[in-house]
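Here the structure comes first, spelled out in C-alpha cells, and everything after it is commentary.
Number of protein chains: 2
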Amino acid sequence: MNKAFLAASAALALALPASAQESGKPAIPTPPQIVAAAPKSDWVAIAPEDLLVMTLAPDAEGNPRTVVIQLIPAPFSQGWVHNIRLFARAKWYDNISVNRVQDNYVTQWGDPNYDNPEATGKPKPLPEGLKVMTEDEYSTRFRDRRGSMFHEPGPLLPKDPYSDFGTFRRGFPVAGSYSVESGDGASKYLRYWPTHCYGMVGVGRNYSPDTGSGAELYTVIGHAPRHLDRNIALVGRVIEGMEHLSSLPRGKGELGFYAKDEAARRTPILTVRVASDLPEASASSSEAVGQQTRPAFEYLSTESDTFAAYAEAIVNRRDPFFIAPAGGADICNIKVPVRRVAS
Amino acid sequence: MNKAFLAASAALALALPASAQESGKPAIPTPPQIVAAAPKSDWVAIAPEDLLVMTLAPDAEGNPRTVVIQLIPAPFSQGWVHNIRLFARAKWYDNISVNRVQDNYVTQWGDPNYDNPEATGKPKPLPEGLKVMTEDEYSTRFRDRRGSMFHEPGPLLPKDPYSDFGTFRRGFPVAGSYSVESGDGASKYLRYWPTHCYGMVGVGRNYSPDTGSGAELYTVIGHAPRHLDRNIALVGRVIEGMEHLSSLPRGKGELGFYAKDEAARRTPILTVRVASDLPEASASSSEAVGQQTRPAFEYLSTESDTFAAYAEAIVNRRDPFFIAPAGGADICNIKVPVRRVAS
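For the protein sequence lines, the chains are A and B, in the order given. Position in the first sequence (from 1) plus 733 gives the number in our numbering. Position in the second sequence (from 1) plus 733 gives the number in our numbering.
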C-alpha cells in the first residue's frame, strides 16, 4: 500500500493518460491525442473581428494579466456582439473594473459607478448606436430543411437535463429543442441556444423585457448555471487568461459584490480592444514596437470527424486511469479545443 | 434603454428574486424562501465526528483561513473516511500544503515531499492502521426490497448523462444505475455513488487497483468532472471556506502543480482536526480560551418534503427574473442547503 501510493503520480493520473507500457493496457488514443493528430484542415481560424483582448491591471507581483474572449459567431447573439464591438471601439470599457466575484458562479465587470452604493463618481454615458434585442433572440430558430444548421454533423448528447439534446455548432456548445410552431402547420422546427458552460461570457440585464446592452458582462467561474440559458444572452467565451478572472478574491458583499471595506479589491480593466483593431505582429516597427499586437487563434471545427472522435473518446473514457467509463458526458465537459497560433 | 439598464441591479437579478411588487408577477416562493420556511425537524445535525476543520496559513493580508469539510456518512466511502480520521488524529496532515491548483478542475493538498521533483525533505511515513479498499467500494449496491435505500423518498433526476438517474441520499448528491446481477437470478439491484460536484472532496490515487489511502485529497473547483465518478473515492464536501481553496493562484506546472519557480505559492495547511476532538464552545475557559472550538452544522434532510419542494422549484424556476424555466436540472445545481448553528 505504501509503495503503491504515489501522491504526485496519482494526481497526474487524475487527468493525463499514462503510456501504454506503464499500465499494461493497449494504447488507445486519448482525447488530447486525437486532437493533436487532427489535420490542419480541421482547424478554423477565428476572425480577428471576433477576438476581444482585455487587459487587466498587473497582479500584486507586477505580472501582466491579459484575457482573450472569442465572440460568438452568427447566427447567435449578433445584436449583443455588435454592441460589444461598439463599446470596445468607443473605449467605453477602458477603466471599468471587476466589481463582483461570486464563488461557484460568476465574475462580473462593468462601470463601478453605475447604480452602485460604492460609487465615487458619475456613471459613464452609454455610446450612441446600441442595438436593442428582443428575448426571442436568446435562441435561434431553424426550419427542418436540407442545408439548415439543423442537418449539420456534430455529436449529439441526448441526455441533457436542460434541453432535448446538446450538440456543437460553429465552435460553441449549444442546446436544442424540437418544436412544432404555429404559422406553418406541422413543419418541424428546432431552436438552438448557446449554453452557460465554464468560461462562457454573458450580458447582465435588468428585469424582462430588458435584454441588456453589453455594458455589463460576466463569465462563469463554477459549475455551469444552465438555468440561465435562454434567460440571458451569451456572447462568447474566454479562450485565454481565464485564471485571471477565476482566481480573484471572492467579494464579501451580497451576491459576491465587493463590499464597502474592500472596494480596493476591484481589479481595474485598463483596456478592451477588438483584435482586428490591433497592429499585426509583423507590422512595421513604428506601429508595433511596445504596442499590443494582434493575437491569432484557431478552434477545432465542431463539425469535423476529428471533433466527433474526440467527443466519443470523452464519453467512453478508455485511458488507463479509468476503470468505469461513464458512457455519457455533460456538454460542458466536452471543451472545444482552441489553440494560439503565430499571427 | 439607458434608463432600463441598471448594471448592479441587473447583476442582482442574475441570482436573487425581486419582490413581487417590483416585477408585477405573483409571489411564488423561491428556492431560498422554501429553505428558510423549513420546519426545524427537517434539519439534520451533522455529527462532530463527520466534520473536519482544516486551518490554512493566514492570507497575504493576515486574514485567517479555515475550511470545514463534511465527511460522507455510511454507507458511502467508509474505509476512506476511517483513514482520513486516522490521518487527522495522527496529526499527519499538519504542515502539509496545497500543491496543485488546476483551473476548472481541482485544488489538491498533501505531503509536498512525496514523489515530487520540488521536494526539499523526506516524505512523511504513513500512520499505522490504514484500511485498504477495493474498487467495488466506489459505489454501493442495494437490493430492491422494502426498507432499503432504494425505496427512500427523494427527487429523481432522470436525465443524468452519467447514470440512470440522479438523486440525493443522506445529504449528498448521488447517481444510481439499475442492474440485474449474477448470483441472484432476476433480483433487481441498484448501485448508488456520490457525484463529483463543485466542492466535493476526493482521494488521489495511483493506477488501478490502487484506490488511494486519503493522504492526498482534492476538491472540485470547476465544472463537475463527473467522469471521475466510480473511478475515485469521494469522501465528503467543503461546507465552509470553499473560497479559500477555489481562489488560490493556479499553478503553472503540468496539471496545475506549482512549478519550480513558484513553490512559495503552496499554501501551508497548519492543522486538520476532527471536530469531535475540539472543545465545545461552551467548555470551561481553561480548555476553550484562545483555542479552536467545535463548530456545529446542519443540513436540510434530502429525504424531506421541504427538500423535494426546493428541488422542484430549482427545476422549474418561477422567480420573476426567469422567462424560460428549464424544466430540468443538473444534479450539481441542486445544492444541499447547509447552515452553521450555535454549538
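All C-beta atoms, glycine included, are put in the ideal place defined by N, C-alpha and C.
- [ ] Could you please give me the residues that DSSP links to residue 777 (chain A) through a beta bridge?
- [x] A:1032
| task | Reducing DSSP to helix, strand and coil, say where residue 871 (chain A) ends up. | result | helix
- From this set, B:835, B:893, B:857, which residue's C-alpha is nearest residue 991 (chain B)'s C-alpha? B:835
* residue 881 (chain A) to residue 1072 (chain A), Cα distance in whole Å? -> 28 Å
Q.
Contact criterion: CB-CB distance below 7 Å. Does residue 884 (chain B) meet it with respect to chain A?
A. no
Are residue 819 (chain B) and residue 862 (chain B) closer than 7 Å when you measure CB to CB?
yes
Check your understanding: Is the Cβ-Cβ distance between residue 813 (chain A) and residue 936 (chain A) less than 7 Å?
Key -> yes
- Message: Taking 7 Å as the threshold (beta carbon to beta carbon), is residue 1067 (chain A) in contact with chain B?
- Response: no
Item checked: Assigned secondary structure, residue 1076 (chain B) (DSSP; H/G/I helix, E/B strand, else coil) -> coil
Which same chain residues end up closer than 6 Å to residue 791 (chain B) when comparing Cβ atoms and leaving out the 5 residues on each side of it in sequence? 797
What does residue 869 (chain B) reach in chain A if we use C-beta pairs closer than 7 Å? Ordered by position in chain A, no residue passes the 7 Å Cβ test against residue 869 (chain B), which lies about 10 Å from the chain.
Q: Quick one: give me the first and last residue of the beta strand (DSSP E) that residue 802 (chain A) is part of.
A: 798-804
ask   = When DSSP labels each residue in this structure, what does residue 910 (chain A) get in the three-state scheme?
value = strand
Note down, in chain order, each residue of its chain lying with its Cβ closer than 7 Å to the Cβ of residue 723 (chain B), except the 5 sequence neighbours on either side.
-> Any question about residue 723 (chain B) goes unanswered here, given that chain B covers just 734 to 1076.
Worksheet item: What are the residues of the region 957-977 of chain A that lie near chain B, defined by any Cβ-Cβ distance shorter than 8 Å?
Response: 957, 958, 959, 960, 961, 962, 963, 964, 965, 975, 976
Going by beta carbon distance, what residues of the same chain come within less than 6 Å of residue 1001 (chain B), once the five residues before and after it are set aside? 790, 830
Subject >> Distance between beta carbons of residue 840 (chain B) and residue 952 (chain B), contact taken as under 8 Å >> reply: 6 Å
- request: Grab me the residues of residue 950 (chain B)'s own chain with a C-beta within less than 8 Å of its C-beta, minus the 5 sequence neighbours each way, in chain order.
  value: 817, 841, 842, 843, 934, 935, 936, 937, 968
* Asked: What are the boundary residues of the alpha helix (DSSP H) that includes residue 813 (chain A)?
  -> 811-822
Nearest-angstrom Cβ-Cβ length linking residue 1032 (chain A) and residue 904 (chain A), presumed shorter than 8 Å: 4 Å
* Using DSSP with H/G/I as helix, E/B as strand and the rest coil, what is residue 1025 (chain A)? -> coil
- Message: I want to see whether chain B comes within less than 7 Å of residue 1015 (chain A), judged by CB atoms only; does it?
- Response: no
- [ ] Please check if any C-beta of chain A sits within less than 7 Å of the C-beta of residue 1063 (chain B).
- [x] yes
**Message:** Is residue 846 (chain B) close to chain A? Criterion is C-beta to C-beta, closer than 7 Å.
**Reply:** no
If you drop the 5 nearest sequence neighbours on each side, which residues of the same chain put their C-beta closer than 7 Å to that of residue 892 (chain B)?
1061
- [ ] Could you tell me whether the region 760-768 of chain B touches the region 1030-1045 of chain B, using the rule of 3 or more Cβ pairs below 8 Å?
- [x] yes
Own chain residues within Cβ distance below 7 Å of residue 985 (chain A), not counting five before or after
992, 995
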